[in-house]
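These protein sequences, in sequence, are chains A, B, C and D. Per this note's numbering, the very first residue in the first sequence carries number 26; after that it's consecutive. Per this note's numbering, the very first residue in the second sequence carries number 26; after that it's consecutive. Per this note's numbering, the very first residue in the third sequence carries number 26; after that it's consecutive. Per this note's numbering, the very first residue in the fourth sequence carries number 26; after that it's consecutive. Ideal Cβ placement from N, Cα and C applies to all residues, glycine included. Given the structure is predicted, the values throughout are model-derived calculations rather than measurements.
There are 4 protein chains.
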Amino acid sequence: MSDDKERLDRVRVPEMEEILGEALPVLDDGFVRLIDYMGTDDSIVQAARVSYGKGTRTMSDDRGLIRYLMRHRHTTPFEMCEIKLHVRVPMDLWRQWIRHRTANVNELSTRYSIAIDQARTTRPDEWRLQSDINRQGSEGGVDVETGQRLTRRETEAQSFLKEIYEERLELGVAREQARKDLPLSTYTEAYWKIDLHNLLHFLALRMDDKAQLEIRQYASIIGEKIVSKWVPMAWEAFMDYRYGSIILSRDEIRILSLINRQQAAADKMLSETGFTIKDASEVKPTLEGRELAAKLERLGVEVPWKGKG
Amino acid sequence: MSDDKERLDRVRVPEMEEILGEALPVLDDGFVRLIDYMGTDDSIVQAARVSYGKGTRTMSDDRGLIRYLMRHRHTTPFEMCEIKLHVRVPMDLWRQWIRHRTANVNELSTRYSIAIDQARTTRPDEWRLQSDINRQGSEGGVDVETGQRLTRRETEAQSFLKEIYEERLELGVAREQARKDLPLSTYTEAYWKIDLHNLLHFLALRMDDKAQLEIRQYASIIGEKIVSKWVPMAWEAFMDYRYGSIILSRDEIRILSLINRQQAAADKMLSETGFTIKDASEVKPTLEGRELAAKLERLGVEVPWKGKG
Amino acid sequence: MSDDKERLDRVRVPEMEEILGEALPVLDDGFVRLIDYMGTDDSIVQAARVSYGKGTRTMSDDRGLIRYLMRHRHTTPFEMCEIKLHVRVPMDLWRQWIRHRTANVNELSTRYSIAIDQARTTRPDEWRLQSDINRQGSEGGVDVETGQRLTRRETEAQSFLKEIYEERLELGVAREQARKDLPLSTYTEAYWKIDLHNLLHFLALRMDDKAQLEIRQYASIIGEKIVSKWVPMAWEAFMDYRYGSIILSRDEIRILSLINRQQAAADKMLSETGFTIKDASEVKPTLEGRELAAKLERLGVEVPWKGKG
Amino acid sequence: MSDDKERLDRVRVPEMEEILGEALPVLDDGFVRLIDYMGTDDSIVQAARVSYGKGTRTMSDDRGLIRYLMRHRHTTPFEMCEIKLHVRVPMDLWRQWIRHRTANVNELSTRYSIAIDQARTTRPDEWRLQSDINRQGSEGGVDVETGQRLTRRETEAQSFLKEIYEERLELGVAREQARKDLPLSTYTEAYWKIDLHNLLHFLALRMDDKAQLEIRQYASIIGEKIVSKWVPMAWEAFMDYRYGSIILSRDEIRILSLINRQQAAADKMLSETGFTIKDASEVKPTLEGRELAAKLERLGVEVPWKGKG
């Protein structure tokens with residue numbers, strides 16, 4: 026360690042300098058803007074080497090080391106990179122966003138200032154139907170006519186609430202009270218600062234299929250337009266070992282080791298561990314069984330209960 | 026330390042057991058409910074004694090030790106107590122509440138479930154005027170007639186938005202999207218778990234005069250109806266050394282040491298350090314000067330620029 | 026939600042009450058003692074139901090819901106349980122332990138108090154050899170004679186340092202300075218309070234094969250003797266979905282889908298993605314290749330490069 | 026807010042660039058090195074203005090705003106600055122340092138690498154005596170002869186432990202076990218990254234008179250040589266409103282308002298609230314009374330019980 030006591034130059038990523046301050050548009054009126062960053066892939070390696078010292082010399086190169094750290098969930102070196110964004114987000118999404126506690130936040134205060142005069146609007150073709158299977162999800166869109174009606178009514182609602190808000194301000198009502206009936210679709214703005222490890226955790230959850238479409242759009246922009254440029258090796262490792270990975274439980278491991286070799290034993294275990302149930306004479310997957318089927322398909326393994334019954 | 030290895034009984038506070046599960050009402054439809062707690066004043070002492078060991082024997086008693094810890098901001102022993110509440114709060118307040126990051130939270134999800142069919146309503150006499158002096162505050166109420174008009178319009182707005190929300194659900198719109206124009210006044214519910222140190226920090230900020238009236242009501246209920254019973258010694262120490270304390274800056278200390286002894290020097294320093302400005306021939310306080318005046322009044326010291334000019 | 030506003034009884038786990046205060050021994054002079062706990066499996070379910078509301082009614086039972094939450098890394102309901110332990114640990118282990126930041130801690134201060142007069146001692150058969158493969162690990166033990174010599178020398182070192190410490194105290198040296206040459210093996214004590222989610226994270230890392238043997242012993246005691254009694258359903262789910270799980274990366278998924286069906290394609294991909302290298306005419310696994318082999322063995326899948334060359 | 030969407034240049038502080046990478050020496054072999062930083066005074070203002078919007082326009086200038094934020098403990102804008110240091114610190118100090126949990130850390134691992142071959146040594150004139158009054162403090166030095174003896178014995182102890190460590194490594198003992206009897210004075214190194222708000226909190230505690238001399242030296246170097254250059258306005262505000270401030274409790278405020286005006290009432294209250302006790306016929310201060318006396322002296326107010334009895 027003592028050999029790096031010479032003068033340092035500050036880490037700089039040319040591709041990041043290029044987009045500093047640029048508002049990358051999201052939704053109808055939102056954005057993500059890069060304000061500042063600290064460190065890059067090199068800084069992850071630098072921090073890992075202080076921890077592991079000569080222990081890391083055998084790692085063939087920086088990319089290998091970063092991939093090793095990601096694979097083995099050695100998370101602290103990733104915390105050595107920090108990023109600051111300026112975002113404009115509807116409040117209903119912000120309510121989800123703010124649940125990630127390991128970040129520094131300065132949000133526009135509607136006690137101090139008048140609220141942003143803009144709410145997230147929905148085009149007729151953007152209305153989604155409630156999913157029957159996934160209680161927290163959506164599935165497919167509404168028909169054209171319904172979409173038009175919903176959008177028309179949305180405009181009515183937003184106009185009316187805007188009128189109410191302005192009326193209150195004109196009558197001298199305190200801003201902290203006037204805002205109380207603003208719709209959740211009202212845009213807010215914030216400075217949001219977070220380290221790379223926690224940002225990747227945010228992205229893993231919010232780029233996921235199960236995340237709400239709108240927040241997924243923010244997460245994708247942050248991941249693909251910013252993080253991939255900032256720390257390309259860490260991003261690649263994240264996509265390989267985390268975003269694109271699957272986790273197999275203890276039971277799933279056992280079942281997989283039986284499939285194709287002891288079909289009867291596999292079937293028995295599937296039923297005993299609750300992946301399948303027998304309904305009349307038909308073998309059907311449970312919720313967890315359907316999740317296993319999706320993993321097997323990704324693994325190129327035939328789903329055992331297909332065609333049974 | 027080794028002498029306390031015998032069997033323990035779990036800490037139990039009879040006054041807390043009595044209010045377990047009871048919904049203490051706040052606002053028109055909100056509440057705070059005690060769900061569980063860990064520890065009491067004794068646990069603070071117990072933890073402090075593991076840290077300071079025999080060093081604490083000289084403290085005359087538990088109360089003295091707790092007061093010493095509070096006075097010297099030795100915060101870790103207070104973290105050894107934990108409390109869990111169930112709260113029902115309008116979303117605009119919840120947006121402030123959730124900014125306290127060192128807490129565990131489970132909030133009702135309006136992606137999974139239908140939103141609570143209740144919004145915070147305002148009586149005609151509850152509407153407050155925007156403060157001229159304090160940009161984030163309110164001051165005084167509106168006149169009766171205006172209050173009635175504001176409440177009538179609030180009812181209209183809330184009814185309309187409720188209609189819109191129900192209409193969307195009936196048309197099959199996904200809950201995650203249907204909720205987007207709910208008013209911020211809509212109630213939400215959450216389990217909220219926090220340690221005593223961080224709870225007192227929350228209360229110090231939210232029981233403060235500068236906090237919004239509505240969140241102050243929640244904070245007062247939590248402080249006065251729950252914390253004061255749970256950890257009476259810590260609560261008393263908090264009121265004495267924190268809530269009821271004032272902080273004097275370096276300049277304020279110097280000025281105070283001059284007042285009554287070297288009036289001219291005090292006046293000079295007040296002006297030089299920006300507590301007063303001379304406007305025409307009149308000496309007037311700045312923002313920071315007004316803050317100092319409030320402190321001097323609490324200290325029984327005459328405000329030097331009173332009656333000057 | 027509103028239907029549970031009636032009176033509550035505090036959650037109590039009889040099996041936990043039995044071990045309250047009991048010092049469970051670890052190493053030669055360490056221990057773990059349960060001081061208090063908040064919640065149990067029921068509390069996880071209770072918190073999840075406030076979040077997901079009626080959305081959880083379809084879950085057949087509490088066990089099913091807890092397993093679902095664990096499987097899908099819905100971590101916040103697990104944070105609703107809290108535990109407080111009193112531990113006695115050598116300082117070199119404590120230095121690892123304290124790296125888990127999301128806990129409340131009160132440690133014995135050797136500024137206030139005289140240090141504990143006990144250091145971790147090593148029996149002749151407990152000395153382990155440095156692993157050649159794993160830079161941070163140990164592998165096998167030393168021979169009997171060497172073990173005896175090492176233990177003899179350990180005694181000499183610990184006695185000498187004890188003498189030095191006592192000499193300093195006798196000469197009136199400040200405790201904060203007298204302690205500076207105590208060996209890292211000196212025992213310390215602390216109160217340690219943490220929520221269940223973060224405790225399970227601690228256990229996942231510290232019960233792992235790669236963790237140092239000594240801290241693994243603490244983690245196992247905490248897991249098997251305490252957590253398994255406290256929250257039996259969450260513990261079972263943790264063992265199934267987390268401790269006993271394996272993670273397959275994007276490349277591993279692809280390779281697995283090729284094995285047994287397109288052997289040549291699998292071999293090609295293994296080499297291209299860096300799981301194997303060709304050394305002379307022999308196909309050999311890389312570090313990541315060895316990790317994959319271990320996963321394949323658990324999955325009952327033949328390792329493709331076995332017997333190649 | 027929308028008017029700042031143009032291109033940004035990254036914040037750069039010339040005085041900080043000059044010291045990047047330079048090892049600022051502390052103690053006999055320690056150092057603090059600046060590795061990187063994010064933001065400066067401007068960034069605090071920038072973040073505050075997104076929160077308070079037009080509400081901040083009335084603040085005459087940036088300095089005034091920063092001072093207002095510091096005075097009113099509006100801490101979040103200070104979190105928008107981040108700094109990364111490389112430090113070399115004896116392990117006994119590091120054990121205190123690491124208690125500040127809101128930081129990112131990568132420490133040299135003595136499982137992976139051989140420990141640093143250097144321990145903190147003490148010159149004969151550096152040995153301090155245990156304070157009688159302050160259980161956790163030191164007061165005055167030992168005499169020359171004792172100092173020489175202590176230093177001689179320190180050298181013996183450190184040499185012996187070094188020998189033991191090397192012997193173990195030569196015999197092939199695993200590094201994770203070989204290290205167990207290293208003295209706490211052994212140097213360690215770490216990368217330490219923290220936001221400005223939490224750094225100032227660290228400095229407030231560790232630059233304090235009551236902090237151990239050695240850690241105070243690190244804190245002073247960080248504060249005076251680095252932070253004062255990085256964020257000069259925030260540093261000045263910190264020194265005025267936090268480091269140089271005093272806090273008066275509710276009772277102290279009341280007593281101060283009585284002194285000089287109702288001496289008898291003040292005396293009565295001092296006794297009733299436990300600041301003084303009557304011992305024989307003498308009025309003596311308690312521990313809290315001595316603390317009050319120190320505050321009164323700073324305020325230029327005569328201590329009421331002086332010369333009483």
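Neighbourhood of residue i by C-beta distance below 7 Å, restricted to the same chain and skipping five residues each side
{"i": "residue 36 of chain C", "result": "64, 65, 67, 68"}
{"i": "residue 230 of chain A", "result": "236"}
{"i": "residue 41 of chain B", "result": "59, 62, 254, 255"}
{"i": "residue 286 of chain A", "result": "none"}
{"i": "residue 326 of chain B", "result": "281, 284"}
{"i": "residue 213 of chain D", "result": "114, 116, 119, 132, 133, 141"}
{"i": "residue 279 of chain A", "result": "294"}
Identity of the residues DSSP links to residue i by a beta bridge
{"i": "residue 218 of chain D", "result": "D:109, D:129"}
{"i": "residue 154 of chain C", "result": "D:198"}
{"i": "residue 212 of chain C", "result": "C:115"}
{"i": "residue 144 of chain B", "result": "B:211"}
{"i": "residue 163 of chain B", "result": "B:155"}
Nonlocal neighbours in the same chain, by C-beta distance under 8 Å from residue i, ignoring five residues either side
{"i": "residue 120 of chain B", "result": "209"}
{"i": "residue 276 of chain D", "result": "294, 298, 300"}
{"i": "residue 28 of chain C", "result": "The predicted position of residue 28 of chain C is uncertain, since its pLDDT is 44 and thus under 50; no value can be drawn from it."}
For residue j and residue i, believed in contact at Cβ under 8 Å, the rounded distance
{"i": "residue 165 of chain C", "j": "residue 150 of chain C", "result": "Actually they are not in contact, since the Cβ atoms of residue 165 of chain C and residue 150 of chain C sit about 12 Å apart, beyond 8 Å."}
{"i": "residue 216 of chain A", "j": "residue 38 of chain D", "result": "Residue 216 of chain A to residue 38 of chain D, Cβ: 19 Å. No contact."}
{"i": "residue 112 of chain A", "j": "residue 155 of chain B", "result": "With 8 Å as the limit, residue 112 of chain A and residue 155 of chain B do not qualify as a contact, their Cβ atoms being about 28 Å apart."}
{"i": "residue 49 of chain D", "j": "residue 331 of chain D", "result": "About 44 Å separates the two Cβ atoms, so there is no contact after all."}
{"i": "residue 178 of chain C", "j": "residue 192 of chain D", "result": "7 Å"}
{"i": "residue 318 of chain D", "j": "residue 310 of chain D", "result": "6 Å"}
{"i": "residue 163 of chain A", "j": "residue 202 of chain B", "result": "7 Å"}
{"i": "residue 126 of chain D", "j": "residue 126 of chain C", "result": "4 Å"}
{"i": "residue 53 of chain D", "j": "residue 146 of chain D", "result": "5 Å"}
{"i": "residue 34 of chain A", "j": "residue 258 of chain A", "result": "The pair is not a contact, with the Cβ atoms about 20 Å apart (cut-off 8 Å)."}
{"i": "residue 107 of chain D", "j": "residue 218 of chain D", "result": "7 Å"}
Exposure label - residue i; buried when at least 16 CB within 10 Å
{"i": "residue 334 of chain C", "result": "At residue 334 of chain C, the pLDDT of 45 sits below 50, so the modelled position is not reliable and the matter cannot be decided from this model."}
{"i": "residue 222 of chain C", "result": "buried"}
{"i": "residue 247 of chain D", "result": "buried"}
{"i": "residue 302 of chain C", "result": "exposed"}
{"i": "residue 136 of chain A", "result": "buried"}
{"i": "residue 189 of chain B", "result": "buried"}
{"i": "residue 56 of chain B", "result": "buried"}
{"i": "residue 180 of chain A", "result": "exposed"}
{"i": "residue 313 of chain D", "result": "buried"}
{"i": "residue 51 of chain C", "result": "buried"}
{"i": "residue 104 of chain D", "result": "buried"}
{"i": "residue 206 of chain D", "result": "buried"}
{"i": "residue 182 of chain B", "result": "buried"}
{"i": "residue 169 of chain A", "result": "exposed"}
Review point. Going along the chain, which unbroken runs of the beta strand (DSSP E) with 3 or more residues stay wholly within the segment 49-77 of chain A?
Key: Entirely contained in the segment 49-77 of chain A, the beta strand (DSSP E) runs reaching 3 residues are, in chain order, 55-63.
**Study point:** beta strand (DSSP E) segments (min. 3 residues) lying fully within the segment 267-314 of chain D
**Key:** 271-273, 301-304, 307-310
Review point. When you check each C-beta in the segment 318-330 of chain C against every C-beta of chain E, which residues fall closer than 7 Å?
Key: Considering every chain present, this structure includes no chain E. Its protein chains are A, B, C and D.
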